[in-house]
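Colleague:
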Amino acid sequence: MSDEATISSRNAARSAVSAHAPGSDMSRCDLSFLADDGFPLKGTLFEGSGTRPLVLISSATAVPRGLYAGFAEAVVRAGARAALIYDYRGTGGSPRPAGWKKRIGMKDWALLDLPAAARALDAVSPDHPMVGVGQSYGGQALGLSGIPGRFLRYGMVATMSGYWRGLDDRLAGPRMFLVGVPASLLFRDMPRRLGVGEPIPGSVFRDWARWCRMPDYFFDDPSLPETARYRDVRTPILAIGLTDDPWGTRRAVRALMRHYENAHVEERWLSPSDGGGQKIGHLGFFRSRFAETLWPQFAAWLLDGTPMTIGTTSDAQA
Numbered sequence: 010m011s012d013e014a015t016i017s018s019r020n021a022a023r024s025a026v027s028a029h030a031p032g033s034d035m036s037r038c039d040l041s042f043l044a045d046d047g048f049p050l051k052g053t054l055f056e057g058s059g060t061r062p063l064v065l066i067s068s069a070t071a072v073p074r075g076l077y078a079g080f081a082e083a084v085v086r087a088g089a090r091a092a093l094i095y096d097y098r099g100t101g102g103s104p105r106p107a108g109w110k111k112r113i114g115m116k117d118w119a120l121l122d123l124p125a126a127a128r129a130l131d132a133v134s135p136d137h138p139m140v141g142v143g144q145s146y147g148g149q150a151l152g153l154s155g156i157p158g159r160f161l162r163y164g165m166v167a168t169m170s171g172y173w174r175g176l177d178d179r180l181a182g183p184r185m186f187l188v189g190v191p192a193s194l195l196f197r198d199m200p201r202r203l204g205v206g207e208p209i210p211g212s213v214f215r216d217w218a219r220w221c222r223m224p225d226y227f228f229d230d231p232s233l234p235e236t237a238r239y240r241d242v243r244t245p246i247l248a249i250g251l252t253d254d255p256w257g258t259r260r261a262v263r264a265l266m267r268h269y270e271n272a273h274v275e276e277r278w279l280s281p282s283d284g285g286g287q288k289i290g291h292l293g294f295f296r297s298r299f300a301e302t303l304w305p306q307f308a309a310w311l312l313d314g315t316p317m318t319i320g321t322t323s324d325a326q327a
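Per the numbering used here, the sequence shown starts with residue 10, numbered consecutively.
Listed below in structure tokens is the structure:
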């Protein structure tokens, strides 16, 4: 699929109604765009009149794009030209289209969906600087995407190796392997009641579970040669870890970050005390209760490269 076709799809699918926040020049609209293999994806675009970078936000596994809407609005109000949130194929607003026969794999989210979203955001202001945000899998996806050079900076939150023995949640592995995998063979999409989060394709869950059994996560998967692309990443990375995250332990975060061997990676660890004493956990950072505590410095790093001062560096607690 050519960039021109992708842009045409975006323009044709923009919502007819663009919601303007009272007292601001920010607009919000839903849009559709196509991945290179023709899979239709859905996103929400926030546009403003600022001149700071475009911001692409890639979500964690089984997390709908709506979780990131508040942060997207915040960065646009802080001067970002635009921000895009989107749903990976087979999830949320990007369901499997009728008649789609191809297997949906977890790697497709990184190899096809993230680049398609970047092209859709590019269409807002071609050649404008772009930065990226990835939570959990959204940070893993950068190294596989093949487009790291498009990003001026990339902020990662709770991004780690998923190898189950590196987690503090010792029941995560048994739940995934003994309950989740059999269920994924019974249901095309994993039911929410199984505790995975929002429904994801069973085939994606099985990929995820297989990688979580491997000591070096998907880097041990011979069917994923694209892991070699990690060496091509030279984009500055800010990797935020949460001290109360049972999945994103220091061991798990560093097991993933070491593969970004040619990039400058700064680890910064935040604790509940940095967020006003409230629990953060694996998926809490982008909840609105942290809009006044955790978000401002992260947004400043993304948009201007301003160093964060809250939390501690990895060296300080090594």
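Glycine residues also receive a C-beta, built at the ideal position from the N, C-alpha and C atoms.
Over what stretch of residues does the beta strand (DSSP E) that includes L63 continue unbroken?
Modeller: From DSSP, the beta strand (DSSP E) with L63 extends over 63-67.
Colleague: Counting only runs that start and end within the segment 211-242, where is the alpha helix (DSSP H) found for 4 or more residues in a row?
Modeller: Qualifying alpha helix (DSSP H) stretches, in chain order: 211-222.
Colleague: Going along the chain, which residues of its own chain have a beta-carbon closer than 6 Å to the beta-carbon of L76, five neighbours each way excluded?
Modeller: Contacts found: F295.
Colleague: How long is the line joining the alpha carbons of L311 and I249, rounded to whole angstroms?
Modeller: Answer to the nearest angstrom: the Cα atoms are 12 Å apart.
Colleague: For S134, list the residues DSSP reports as bridge partners.
Modeller: Answer is none; S134 lacks a bridge partner.
Colleague: Quick check on V85: does DSSP put it in helix, strand or coil?
Modeller: V85: helix per DSSP, three-state reduction.
Colleague: Buried or exposed: where does M34 fall if 16 or more other Cβ atoms within 10 Å of its Cβ makes it buried?
Modeller: Here residue 34 turns out to be Asp, not Met, going by the sequence shown. Under this definition D34 is an exposed residue.
Colleague: Using CA atoms only, rank isn't needed, just tell me which of T168, A129, K116, S145 is closest to S154.
Modeller: Closest by alpha carbon: K116.
Colleague: Give the straight-line distance between the Cα atoms of E301 and G79, rounded to the nearest whole angstrom.
Modeller: Rounded to whole angstroms, E301 to G79 spans 12 Å at the Cα level.
Colleague: Would you report the Cα separation of A81 and A127, rounded to the nearest angstrom?
Modeller: Going from the Cα of A81 to the Cα of A127 covers about 15 Å.
Colleague: What does the alpha-carbon distance come out to for the pair L40 and T53?
Modeller: Between L40 and T53, the C-alpha separation is close to 6 Å.
Colleague: Along the chain, where does the beta strand (DSSP E) that runs through F42 open and close?
Modeller: Per DSSP, F42 belongs to the beta strand (DSSP E) from 36-43.
Colleague: Identify, in the order they occur along the chain, each residue of the same chain with its Cβ nearer than 7 Å to the Cβ of M223, setting aside the five sequence neighbours on each side.
Modeller: Closer than 7 Å at Cβ, skipping near neighbours: Y172, D229, D230.
Colleague: Three-state secondary structure (DSSP) at F7?
Modeller: The structure shown does not extend to residue 7, since the chain is modelled only from 10 to 327, so the question has no answer here.
Colleague: Rounded C-beta distance between E207 and G101? I'm assuming under 8 Å.
Modeller: Their Cβ separation, rounded to whole angstroms, is 6 Å, which keeps E207 and G101 in contact under 8 Å.
Colleague: Can you give the Cα-Cα distance for G286 and V166, rounded to whole angstroms?
Modeller: Approximately 19 Å between the Cα atoms of the pair.
Colleague: With distances taken Cα to Cα, identify the nearest neighbour of R240 among P281, R267, W304.
Modeller: Selected option, being the one with the closest Cα: R267.
Colleague: Can you tell me the Cα-Cα spacing of E276 and A107, whole angstroms?
Modeller: Whole-angstrom Cα-Cα distance: 43 Å.
Colleague: Helix, strand or coil: which one does DSSP assign to L303?
Modeller: Three-state DSSP puts L303 in coil, outside helix and strand.
Colleague: State buried or exposed for H273, treating a residue as buried only when at least 16 other CB atoms are found within 10 Å of its CB.
Modeller: Classification of H273: exposed, given that the 10 Å Cβ count is below 16.
Colleague: Closest to T321 by C-alpha separation, out of R298, L247, P255, would be which residue?
Modeller: Out of R298, L247, P255, L247 has the C-alpha closest to the C-alpha of T321.
Colleague: Consider the Cβ of P157: report whether some Cβ of chain D lies at a distance smaller than 9 Å.
Modeller: Considering every chain present, this structure includes no chain D. It has just one protein chain.
Colleague: Taking DSSP as the reference, what is the three-state secondary structure of W118?
Modeller: If DSSP states are grouped into helix, strand and coil, W118 belongs with the helices.
Colleague: Nearest-angstrom Cα distance between D136 and D216?
Modeller: When rounded, the distance between both Cα atoms is 35 Å.
Colleague: Please list, in chain order, all residues of the same chain as V64 whose beta carbon is under 6 Å from its beta carbon, the five residues on each side excluded.
Modeller: Result list for V64: V84, A89, A92, V140, in chain order.
Colleague: If contacts are defined as beta-carbon pairs under 8 Å, then Q149 and L265 qualify, I think. What distance do you get, rounded to the angstrom?
Modeller: That belief holds up - the Cβ atoms of Q149 and L265 are roughly 7 Å apart, short of 8 Å.
Colleague: F48 bridges to which residues according to DSSP?
Modeller: Partner(s): none; F48 has no beta bridge.
Colleague: Can you tell me where the alpha helix (DSSP H) with G284 in it begins and where it stops?
Modeller: Here G284 belongs to no alpha helix (DSSP H), and DSSP marks it neither H nor E.
Colleague: Shortest alpha-carbon distance to S323 belongs to which of R260, G293, F299?
Modeller: The residue with the shortest Cα to Cα distance from S323 is R260.
Colleague: Measuring CB to CB, does G147 end up less than 9 Å from S212?
Modeller: No. Outside cutoff.
Colleague: Identify, in the order they occur along the chain, each residue of the same chain with its Cβ nearer than 7 Å to the Cβ of Y269, setting aside the five sequence neighbours on each side.
Modeller: Result list for Y269: G152, Y239, V242, I246, in chain order.
Colleague: Give the DSSP-derived three-state secondary structure of S103 in the structure shown.
Modeller: The answer is strand: DSSP assigns S103 an E or B state.
Colleague: Looking at the secondary structure, which residues open and close the beta strand (DSSP E) in which R162 lies?
Modeller: From DSSP, the beta strand (DSSP E) with R162 extends over 160-166.
Colleague: If distances are taken between C-alpha atoms only, which option among S297, E56, T252, G57 comes closest to D168?
Modeller: It should be noted that the sequence gives Thr, not Asp, for residue 168. That would be T252, whose Cα lies nearest to the Cα of T168.
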